[in-house]
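In what follows, a structure is listed as structure tokens, so that the remarks can point back to it.
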Amino acid sequence: DQIDACAEQEEAARKLLDELLYGLPNLPMDDVPEGADEHGNVEQHRWGDPRGINAPKDHADLGEALGMMDFETAAKMSGARFVLLKGKLARLERALAAFMLDLQTEEHGYTECSPPLLVKDQALVGTGQLPKFKEDLFATEWFNLATDMDAVQNAMTSVDAASEIAKNINSHLNKFRQAGWSEYALAARDMEAIVGYYTREFQAKMEQVFNKQIEQQGFLIPTAEVPLTNIVRESIIEPGELPYRFTAHTPCFRSEAGSAGRDTKGMIRLHQFNKVELVSIVANEEEGLKELKRMTECAEEVLKRLDLPFRRMLLCAGDMGAGARKTYDLEVWLPSQNTYREISSCSYCGDYQARRMDARYRPEAGAKPEFVHTLNGSGLAVGRTLVAVVENYQNEDGSITVPEALRPYMGGLEVISA
Numbered sequence: 508d509q510i511d512a513c514a515e516q517e518e519a520a521r522k523l524l525d526e527l528l529y530g531l532p533n534l535p536m537d538d539v540p541e542g543a544d545e546h547g548n549v550e551q552h553r554w555g556d557p558r559g560i561n562a563p564k565d566h567a568d569l570g571e572a573l574g575m576m577d578f579e580t581a582a583k584m585s586g587a588r589f590v591l592l593k594g595k596l597a598r599l600e601r602a603l604a605a606f607m608l609d610l611q612t613e614e615h616g617y618t619e620c621s622p623p624l625l626v627k628d629q630a631l632v633g634t635g636q637l638p639k640f641k642e643d644l645f646a647t648e649w650f651n652l653a654t655d656m657d658a659v660q661n662a663m664t665s666v667d668a669a670s671e672i673a674k675n676i677n678s679h680l681n682k683f684r685q686a687g688w689s690e691y692a693l694a695a696r697d698m699e700a701i702v703g704y705y706t707r708e709f710q711a712k713m714e715q716v717f718n719k720q721i722e723q724q725g726f727l728i729p730t731a732e733v734p735l736t737n738i739v740r741e742s743i744i745e746p747g748e749l750p751y752r753f754t755a756h757t758p759c760f761r762s763e764a765g766s767a768g769r770d771t772k773g774m775i776r777l778h779q780f781n782k783v784e785l786v787s788i789v790a791n792e793e794e795g796l797k798e799l800k801r802m803t804e805c806a807e808e809v810l811k812r813l814d815l816p817f818r819r820m821l822l823c824a825g826d827m828g829a830g831a832r833k834t835y836d837l838e839v840w841l842p843s844q845n846t847y848r849e850i851s852s853c854s855y856c857g858d859y860q861a862r863r864m865d866a867r868y869r870p871e872a873g874a875k876p877e878f879v880h881t882l883n884g885s886g887l888a889v890g891r892t893l894v895a896v897v898e899n900y901q902n903e904d905g906s907i908t909v910p911e912a913l914r915p916y917m918g919g920l921e922v923i924s925a
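Residue numbering for the sequence shown follows the working numbering, beginning at 508 and increasing consecutively.
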């Protein structure tokens, strides 16, 4: 009993230590500016000039006037911070995603993936969202008997055994009663012990099944960075295979904890949104910094092809994600707000995620494996790109001009109107 108690204490202490260690952020690179929040970020570059739009309308007003952006119906179904796109705006969103994927796969060398949208907690620990940012995630639990039928059948065997004994217990006790009271009492005690044993066995086995299923608690992905980066989890990549470059278009799910009162109108901050993600796996820091520059340029190219004005920001230490060593944000111009808003974030994470995932590579044949270095970025957030297109391409009559780069994906349509 003392050994079991000590083992439980050790396990609890180990879990606490892991939680503390996994909560530590990455170390910023030396050239990352100091700062506590977005006010410490440094502008690096601007591209394109904002269009001169007379009294620009908000994307939500434009979309609702077209009858193609419905927040009220979405709220009835799902609550606040959801949107229902319809008609040509729904097709425009699909066109944007297809355009982004084609650009990244056909011209930039990324491999398209279609990953799971539901992942285990270990996957989120690997990329750094857990345990520190659990409140930002949507957790689910499911009970899949098919995966544990052996344990369930064993538990039911205990039930059957106890039931069979219960059926016959009276007849057995009658025989012992006739033989004398003392024998009857002993028999009753023994039968009670037997039934109790099988009942406890059943409870223990069903608890085991339940606990195993709880371990299968899943989380809806907050970004495709999670499944794409975990492709190399617990693996050793052979010499000459790197770099890996993956991309995926997926829905993303975020609770937006702590954002109460911010961007409550429109599509800027939703619980569910679509995004084209970029993930790179490289060998070392030198390759990682080159890849960060390349990845950022791949994301910028989307905005250039769509002729959307943007600026590149180098994030300060206090505004970076916990797993990043260096991050560039791309911010697109929104006429209705008369400012730039984030549309992409490209980060170099060093070996921070690789250590958590045990993802390694061999520099050469027979060499000792070393941790890979990981990068991730948005190429781009599809919903915010839709917002930028609607606002930057709005016309005085409320219609939306379709950017030339998207017209092949829209059946040649040039203008979206009611």
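For glycine and all other residues, C-beta sits at the position ideal for the given N, C-alpha and C.
None of the values given here were measured: they were computed from a predicted structure.
- Message: Please report the distance separating the alpha-carbon of S843 from that of A562.
- Response: S843 and A562 have their alpha carbons spaced roughly 8 angstroms apart.
- Would you report the Cα separation of D577 and H880, rounded to the nearest angstrom? In this structure, the alpha-carbon of D577 lies about 42 angstroms from that of H880.
- Query: beta strand (DSSP E) containing A646: first to last residue?
  - Reply: Unbroken beta strand (DSSP E) run through A646: 645 to 647.
- Query: Just the Cα atoms here: how many angstroms apart are G635 and Y529?
  - Reply: Near 8 angstroms, if we compare the C-alpha coordinates of Y529 and G635.
- Message: Give me, in chain order, the residues of the same chain whose beta-carbon lies closer than 7 angstroms to that of M645; leave out the 5 immediate sequence neighbours on both sides.
- Response: Just to set this straight, residue 645 is Phe in the shown sequence, not Met. Only residues of its own chain outside the window of five on either side were considered, and among them F726, L727, F760, S762 have a CB closer than 7 angstroms to the CB of F645, listed in chain order.
- Message: In the DSSP assignment, the beta strand (DSSP E) including I510 goes from what residue to what residue?
- Response: Careful: I510 lies outside any beta strand (DSSP E), inside the alpha helix (DSSP H) at 509 to 529.
- Take Y859 as the anchor and find which of K800, K583, N533, A520 has the nearest alpha-carbon. Of the candidates K800, K583, N533, A520, the one whose C-alpha sits nearest the C-alpha of Y859 is N533.
- Item | Proximal residues to N548 (C-beta, below 8 angstroms), its chain only, five neighbours per side dropped | Around N548: P540, G542, M820, L821, L822, C823, D826, D836.
- Task: Run through the stretch 806 to 877 for me and flag every whole alpha helix (DSSP H) of 4 or more residues, listed as ranges in chain order.
- Result: Segments of the alpha helix (DSSP H) lying fully in the stretch 806 to 877: 859 to 864.
- How far does the beta strand (DSSP E) with T757 in it reach, from first residue to last? Run containing T757: 751 to 760, per the beta strand (DSSP E) assignment.
- Task: Within its chain, find whatever has a CB closer than 6 angstroms to the CB of M536; leave out the 5 residues flanking it on each side and keep chain order.
- Result: Cβ within range, chain order: R832, K833.
- alpha helix (DSSP H) segment containing R494, residue limits: In the structure displayed, the chain extends from 508 to 925; residue 494 sits before or after that span and is not available.
- Query: Where G741 and V783 are concerned, what is the direct C-alpha to C-alpha distance, given to the nearest angstrom?
  - Reply: According to the sequence as given, residue 741 is Glu; it is not Gly. Approximately 25 angstroms between the Cα atoms of the pair.
- Message: What does the alpha-carbon distance come out to for the pair E517 and Y868?
- Response: Cα to Cα, E517 sits roughly 33 angstroms from Y868.
- Message: Please classify I721 as buried or exposed, where buried requires at least 16 neighbouring CB atoms within 10 angstroms.
- Response: Model confidence at I721 stands at a pLDDT of 49, short of 50, so the residue's coordinates are unreliable; what they give is reported in the following sentence. Exposed, by the Cβ-count rule.
- Query: Do V922 and N899 come within 9 angstroms of each other at the CB atom, strictly closer than that value?
  - Reply: The Cβ atoms of N899 and V922 lie no closer than 9 angstroms to each other.
- Where F578 falls: helix, strand or coil (DSSP): Correct three-state label for F578: helix.
- With a Cβ-Cβ cutoff of 9 angstroms, do L882 and S854 count as a contact? It is a contact, given that the beta carbons lie within the stated cut-off.
- Task: Can you tell me which of the three DSSP states R553 falls into?
- Result: DSSP, reduced to helix, strand and coil, places R553 within a strand of the structure shown.
- Verify whether the separation of the beta carbon atoms of G773 and D904 is less than 9 angstroms. Cβ atoms of G773 and D904: not closer than 9 angstroms.
- Task: Pick helix, strand or coil for I923, following the three-state DSSP scheme.
- Result: Three-state DSSP puts I923 in a strand.
- Ignore the nearest five residues each way along the sequence and tell me which others in T612's own chain have a CB closer than 8 angstroms to its CB. Contacts found: T618, E619, T754.
- Please report how far the alpha carbon of A587 lies from the alpha carbon of H756, in whole angstroms. Using only the alpha carbons, I get a separation of about 24 angstroms.
- Where E871 falls, given that 16 or more other Cβ within 10 Å makes a residue buried: E871 counts as exposed, since fewer than 16 other C-beta atoms from the protein chains shown sit within 10 angstroms of its C-beta.
- Query: Where F606 and S885 are concerned, what is the direct C-alpha to C-alpha distance, given to the nearest angstrom?
  - Reply: Each residue's alpha carbon lies about 14 angstroms from the other.
- Message: Please tell me whether F817 and V889 are closer than 9 angstroms, where the distance is taken between their beta carbons.
- Response: Going by beta carbons, F817 and V889 fall outside the 9 angstroms limit.
- Message: Under DSSP, the alpha helix (DSSP H) around G633 begins and ends at which residues?
- Response: Note, G633: alpha helix (DSSP H), 628 to 634.
- Using the Cα positions of R891 and V632, report the straight-line distance between them to the nearest angstrom. Distance between the alpha carbons of R891 and V632 is about 27 angstroms.
- Query: When the distance is taken between beta carbons, is A806 closer than 9 angstroms to L841?
  - Reply: Not in contact: L841 and A806 (Cβ atoms no closer than 9 angstroms).
- Query: Do the CB positions of G795 and G747 come within less than 9 angstroms of each other?
  - Reply: For G795 and G747, no; Cβs fall outside 9 angstroms.
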